[in-house]
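Asks:
Number of protein chains: 2
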Amino acid sequence: MRLSRYFVPTIKENPSEAAIVSHRFMLRAGMIRQSVSGIYTWLPLGLRVLTKIENIIREEQELAGASEVRMSTIQTADLWKESGRYEDYGDEMLRINDRHGRELLYGPTNEEVITDLFRKEVKSWKQLPTLLYQIQLKFRDEIRPRFGLMRGREFTMKDAYSFDIDEENSVKSYYRMFVSYLRIFNKMGIRAIPMKADTGPIGGNLSHEFLLLAETGESEVYCHKDFLEMDIPDNVDYDGDLSKYFQEWTSKYAATDEMYVEEDAKKFGDDIIKTRGIEVGHVFNFGTKYSEPLHAVVMNKEGKEIPVHMGSYGIGVSRCVAGIIEASHDDKGIIWPVAVAPFEMVVLDVKPKDEESSKVANDIYKNLKNHKLDVAIDDRNDRVGSKFADMDLIGIPLLLVVGPRGLLDGHVKLVSRKSGNSINLSVEEVQERIIKAKSEDSLQKFVDSI
Amino acid sequence: MRLSRYFVPTIKENPSEAAIVSHRFMLRAGMIRQSVSGIYTWLPLGLRVLTKIENIIREEQELAGASEVRMSTIQTADLWKESGRYEDYGDEMLRINDRHGRELLYGPTNEEVITDLFRKEVKSWKQLPTLLYQIQLKFRDEIRPRFGLMRGREFTMKDAYSFDIDEENSVKSYYRMFVSYLRIFNKMGIRAIPMKADTGPIGGNLSHEFLLLAETGESEVYCHKDFLEMDIPDNVDYDGDLSKYFQEWTSKYAATDEMYVEEDAKKFGDDIIKTRGIEVGHVFNFGTKYSEPLHAVVMNKEGKEIPVHMGSYGIGVSRCVAGIIEASHDDKGIIWPVAVAPFEMVVLDVKPKDEESSKVANDIYKNLKNHKLDVAIDDRNDRVGSKFADMDLIGIPLLLVVGPRGLLDGHVKLVSRKSGNSINLSVEEVQERIIKAKSEDSLQKFVDSI
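This is how it looks when you write it as structure tokens:
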């Protein structure tokens with residue numbers, strides 16, 4: 001991608017409407033723009049991050065045995081009346097009448113629609129378990145939308161739903177999603193910690209929130225320090241016993257202030273740290289809460305009709321973009337983990353008008369692109385200081401600076417956004433090392449080594 | 451993918467609500483389900499096709515120099531009042547009031563929102579041309595939704611918008627999109643022919659519809675037979691002169707019945723064929739129609755503020771899925787082009803309970819998967835006849851039949867969905883040939899050779 005032709009309207013000053021870091025940097029880096037209160041347009045750079053997160057989720061949800069579907073955003077009110085939630089949901093539900101006066105709504109969540117689909121299609125225990133997910137827009141008409149994507153009205157969510165013959169099997173599905181979530185957030189380059197959640201308004205038995213730790217987070221959390229270093233499940237056999245992972249990740253203490261119980265925490269003494277967090281995922285096992293009123297039943301082995309056991313599993317996809325920024329930034333801008341950065345690296349052409357050095361920059365750019373690097377070239381005719389400032393603001397993990405002065409000395413400069421350190425390397429060696437790291441899938445390690 | 455664990459609720463009987471072939475087969479093959487009138491859920495198999503089409507569009511739009519954005523589905527009525535279309539749009543616009551009583555709407559199209567974004571961010575001719583696209587949901591409250599995805603209410607569209615300093619440059623952007631569209635439809639494995647369109651309601655100067663030819667199409671079309679065989683632009687330099695492609699593809703006669711002029715067609719004598727078509731794309735150059743009322747101006751080289759010249763370019767993404775089925779099916783079901791098939795091929799395990807032959811089927815499946823084939827295994831414990839019928843219905847291009855009887859004779863059977871022909875090959879040779887075709891990107895040719 002040539003930044004000279006890309007739509008990246010960066011802003012030098014802090015926008016007055018942005019009260020938190022992520023909102024401020026997403027506006028300044030040209031990632032999003034508000035179109036109406038709480039409703040945003042994703043600009044190219046922001047959409048790249050969102051899409052990478054979506055694809056990580058897809059890959060891991062499929063591994064865990066979930067199949068992707070896509071429900072509509074507009075739903076009929078009838079289903080919500082059937083489940084008993086239509087009145088309860090209150091003003092946050094965007095209610096709509098169509099041209100024939102029929103009551104519709106913009107889905108704030110999809111338990112009703114998926115249960116309706118299930119009850120029409122699945123009739124026997126033989127067809128279970130069923131595990132479906134989607135990545136789709138939701139709308140919640142917040143009374144005071146704020147904090148950018150953190151509490152917007154239209155937003156992207158991943159929601160999954162499990163259907164099982166009984167409690168025991170539905171807990172297995174819960175473990176699948178629990179393990180999948182540990183892996184998803186880890187792949188995004190962040191640490192999200194499962195914390196026991198209140199099963200309150202949505203009801204049910206087993207529930208965890210996944211909180212991303214960030215000093216600027218919305219909630220106070222208490223968390224065993226081992227969670228910061230604990231190994232993420234690897235080479236997972238999703239058909240095997242997953243309870244060991246669940247045990248490991250729930251045996252030590254972690255809770256938001258709402259659920260905090262001092263005497264439980266005390267058992268771990270000084271190992272409990274107090275910090276702040278942002279909710280990025282939520283898993284629920286709610287048994288027959290929806291299948292009973294909506295009569296979603298299957299025939300069991302004994303030929304008896306029984307309501308199916310369900311769970312739902314959400315990730316705030318657009319919220320993750322903001323959450324990662326809250327967890328990873330400095331005064332100058334965002335510091336993206338490689339896995340979700342808009343570009344893994346940028347070749348910064350210091351002087352596009354200098355034919356010779358510009359040719360070197362372009363050759364390196366094309367060569368890295370051919371080797372599957374997700375690379376852009378900053379070939380804009382701006383002052384070099386303003387280009388550096390933009391790259392710091394946008395948070396590109398790796399910057400390769402190519403200019404006439406360095407080339408005279410036979411080198412180009414590689415800068416790590418995270419450490420701020422740089423190394424000088426020859427044109428040949430820098431490409432070799434980057435291509436090697438990419439082919440070994442260790443670009444993040446390479447960046448961390450600078 | 452193991453079909454035994456996949457959500458593919460196929461239906462044996464023709465559903466009474468489906469009046470056209472594509473709707474019927476999409477329901478029967480378990481690709482979609484209606485949730486409310488004109489509003490559908492995409493099931494896993496259907497979503498795979500939709501996603502493949504989306505990705506073809508992305509790849510080609512990026513090649514043509516367009517950058518992806520994602521606007522919200524919910525828009526403010528204010529912008530539409532400013533452009534003067536709020537009242538004109540009529541009952542097809544889904545109008546909504548939020549909790550504060552503010553007038554919103556579900557976007558039926560995005561000219562207003564994108565022009566608003568542009569006018570706030572772009573101020574100078576130096577930032578032009580700007581070419582942005584999105585793949586996003588739209589809603590049009592059709593009075594009588596019907597024909598499944600062909601005339602649904604909530605649907606997926608690709609819409610692109612160009613912004614140029616003057617008429618001459620905006621025509622260049624128009625050519626870019628025109629050529630990109632020829633390539634996009636060709637990559638989907640279909641032939642869509644550009645036909646001069648009425649610039650009526652949306653206004654403007656230059657406009658073409660792209661019609662997919664299908665005997666069951668909605669419109670009668672007259673079209674020069676050369677268009678059926680004409681070469682699609684290849685190795686396109688999008689920064690070069692594209693007018694030659696435009697000339698080539700517009701110099702011969704093609705028109706829908708609405709635009710048909712007998713004396714123009716007559717010049718081509720017997721070369722004009724009369725058939726039917728389905729609109730899948732539409733490109734417009736409409737000059738300053740929106741930039742003037744919305745005051746989207748830029749500074750030109752002389753330092754004078756002038757309204758920007760715009761174009762918009764749509765593809766009915768979900769409509770394409772239905773359109774391809776209308777153009778490519780038989781009595782038994784769908785016949786997918788390889789590029790957009792839910793799976794490129796399926797290994798049909800004839801007898802999953804036979805350990806030996808089932809192991810061979812599974813080994814082949816895993817090996818092909820490792821070689822990047824988009825392959826599924828039909829390991830369902832159904833009658834083999836019903837499995838064959840399902841594969842014909844779903845329209846998998848290539849079926850590899852592995853059963854104990856064939857293996858006794860040392861072979862497996864490869865079946866082409868399109869021709870119905872089959873060949874017997876050894877377990878080794880069949881894999882070699884498929885892997886070779888895949889690595890050479892010639893899987894469609896291979897299928898066609900059977």
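The listed protein sequences correspond, in order, to chains C and E. First residue of the first sequence? That's 1 in the working numbering, and the numbers climb one at a time after it. First residue of the second sequence? That's 451 in the working numbering, and the numbers climb one at a time after it. Virtual Cβ for every residue (Gly too), placed ideally from N, Cα, C.
1. Ends of the beta strand (DSSP E) at Tyr611/E?
2. Of the choices Met26/C, Leu407/C and Lys187/C, whose alpha-carbon is the least far from that of Ile364/C?
3. With a floor of 3 residues, list each beta strand (DSSP E) that falls wholly inside the stretch 486-555 of chain E, ordered by position along the chain.
4. Mark His550/E as exposed unless 16 or more other C-beta atoms lie within 10 angstroms of its C-beta, in which case mark it buried.
5. Kindly list, in the order they appear in chain C, the residues whose Cβ is closer than 7 Å to that of Phe457/E.
6. So, helix, strand or coil for His732/E, using DSSP?
7. Note down, in chain order, every chain E residue with its Cβ under 7 Å from the Cβ of Trp42/C.
8. Grouping DSSP H, G and I as helix and E and B as strand, with all else coil, what is Tyr133/C?
9. Measure the CB-CB distance between Met71/C and Asn110/C and report whether it falls below 7 Å.
10. Note the first and the last residue of the continuous alpha helix (DSSP H) segment covering Thr700/E.
11. Within 10 angstroms of its Cβ, does Asn735/E collect 16 or more other Cβ (buried), or is it exposed?
12. Do Glu661/E and Met645/E have their C-beta atoms closer together than 7 Å?
13. DSSP on Ala254/C, reduced to helix/strand/coil?
14. By the 7 Å beta-carbon criterion, what residues does the stretch 23-40 of chain C contribute toward chain E?
15. Output the distance between the C-alpha atoms of Pro595/E and Val730/E, rounded to the nearest integer angstrom.
16. Measuring straight from C-alpha to C-alpha, what distance separates Ser466/E and Ser472/E?
17. Are the stretch 153-165 of chain C and the stretch 302-312 of chain C touching by the rule of at least three beta carbon pairs closer than 8 Å?
18. Counting pairs of Cβ atoms below 8 Å between the stretch 711-729 of chain E and the stretch 575-591 of chain E, do you hit three or more?
19. Measure from the alpha carbon of Lys868/E to the alpha carbon of each residue in Ala777/E, Ile643/E and Gly835/E, then state which is nearest.
20. State yes or no: is the C-beta of Ser452/C within less than 7 Å of the C-beta of Leu132/C?
21. Is any beta-carbon of chain E found at less than 7 Å from that of Ile451/C?
22. Say whether chain E places a C-beta atom closer than 7 Å to the C-beta of Val113/C.
23. Return the first residue and the last residue of the beta strand (DSSP E) that Glu755/E is part of.
24. Helix, strand or coil, according to DSSP, for Phe139/C in the structure here?
25. Which of helix, strand or coil does DSSP assign to Ala642/E?
26. Any chance you could list the beta strand (DSSP E) runs of at least 3 consecutive residues sitting entirely within the stretch 803-870 of chain E, in chain order?
27. Between the stretch 133-158 of chain C and chain E, which residues of the former have CB atoms less than 8 Å from a CB of the latter, in chain order?
28. Only counting the same chain, and skipping five residues up and downstream in sequence, which positions put a Cβ closer than 6 Å to that of Leu242/C?
29. By DSSP's criteria, Met299/C is part of a beta bridge. Which residues make up the other side?
30. Using a beta-carbon distance cut-off of less than 8 Å, what residues from the stretch 520-538 of chain E approach chain C?
31. Whole-angstrom Cβ separation of Leu3/C and Asp379/C, contact assumed at under 8 Å?
32. Where does the unbroken alpha helix (DSSP H) through Tyr631/E begin, and where does it stop?
33. Whole angstroms is fine: what's the gap from Ile394/C's alpha carbon to Met31/C's?
34. So the candidates are His779/E, Gly766/E and Phe635/E; which of them puts its Cα closest to the Cα of Met600/E?
35. Who are Glu659/E's beta bridge partners in DSSP?
36. Closer than 6 Å by C-beta to Gln894/E: which residues in its own chain qualify, once you throw out the five before and the five after it? Chain order, please.
Replies: Reading it off the structure:
1. Element bounds for Tyr611/E: Glu604 to Asp614.
2. The shortest Cα separation from Ile364/C among Met26/C, Leu407/C and Lys187/C belongs to Leu407/C.
3. The qualifying runs are 489-492, 524-526 and 544-547.
4. With fewer than 16 other Cβ atoms within 10 Å, it is exposed.
5. Those are Ser67, Thr130 and Leu132, listed as they occur along chain C.
6. Of the three classes helix, strand and coil, the one that applies to His732/E here is strand, per DSSP.
7. Val519 and Arg520, listed in chain order.
8. In the structure shown, the three-state DSSP call for Tyr133/C is strand.
9. Remark: C-beta atoms of Met71/C and Asn110/C approach each other more closely than 7 Å.
10. Per DSSP, Thr700/E belongs to the alpha helix (DSSP H) from Ser693 to Thr700.
11. A residue is called buried once 16 or more other Cβ atoms fall within 10 Å of its Cβ, and Asn735/E is buried on that count.
12. First, the residue type needs correcting, since residue 661/E is Leu and not Glu in the sequence shown. In contact: Leu661/E and Met645/E (Cβ atoms closer than 7 Å).
13. Of the three classes helix, strand and coil, the one that applies to Ala254/C here is strand, per DSSP.
14. Within the stretch 23-40 of chain C, the qualifying residues are Arg33, Ser35, Val36, Ile39 and Tyr40.
15. In this structure, the straight-line span from the alpha carbon of Pro595/E to that of Val730/E is close to 18 Å.
16. One C-alpha to the other measures close to 13 Å.
17. A contact exists between the stretch 153-165 of chain C and the stretch 302-312 of chain C.
18. Fewer than three pairs of CB atoms, one per stretch, sit closer than 8 Å, so the stretch 711-729 of chain E makes no contact with the stretch 575-591 of chain E.
19. Comparing Cα positions, the closest option is Ala777/E.
20. Because chain C here runs from 1 to 450, residue 452/C falls outside it and cannot be looked at.
21. There is simply no residue 451/C to check, as chain C begins at 1 and stops at 450 in what is shown.
22. It does; some Cβ of chain E falls within 7 Å.
23. Where Glu755/E is concerned, the enclosing beta strand (DSSP E) stretches over Glu755 to Pro757.
24. Of the three classes helix, strand and coil, the one that applies to Phe139/C here is strand, per DSSP.
25. In this structure, Ala642/E counts as strand in the three-state DSSP scheme.
26. Taking only runs of at least 3 residues, the beta strand (DSSP E) segments lying wholly in the stretch 803-870 of chain E are 825-828, 848-852 and 862-866.
27. Contact residues of the stretch 133-158 of chain C toward chain E are Leu137, Phe139, Asp141, Ile143, Arg153 and Glu154 (C-beta to C-beta distance below 8 Å).
28. If we look at Leu242/C and ignore the five residues flanking it on each side, its Cβ neighbours are Tyr175 and Val179.
29. Partner residues in the beta bridge of Met299/C, as assigned by DSSP, are Ser124/C and Glu305/C.
30. Among the residues of the stretch 520-538 of chain E, those with a Cβ less than 8 Å away from any Cβ of chain C are Arg520, Met521, Ser522, Thr523, Ile524, Gln525 and Thr526, in the order of the chain.
31. Asp379/C and Leu3/C do touch by the CB rule: their CB atoms are close to 6 Å apart, below 8 Å.
32. If you look at Tyr631/E, you'll find it in the alpha helix (DSSP H) that goes Glu617 to Lys637.
33. About 9 Å.
34. Comparing Cα positions, the closest option is Gly766/E.
35. DSSP, once it has assigned bridges, lists Met645/E and His732/E as partnering Glu659/E.
36. Cβ-Cβ distances below 6 Å link Gln894/E to Val788 in the same chain, with the five nearest sequence neighbours on each side left out; the list follows chain order.
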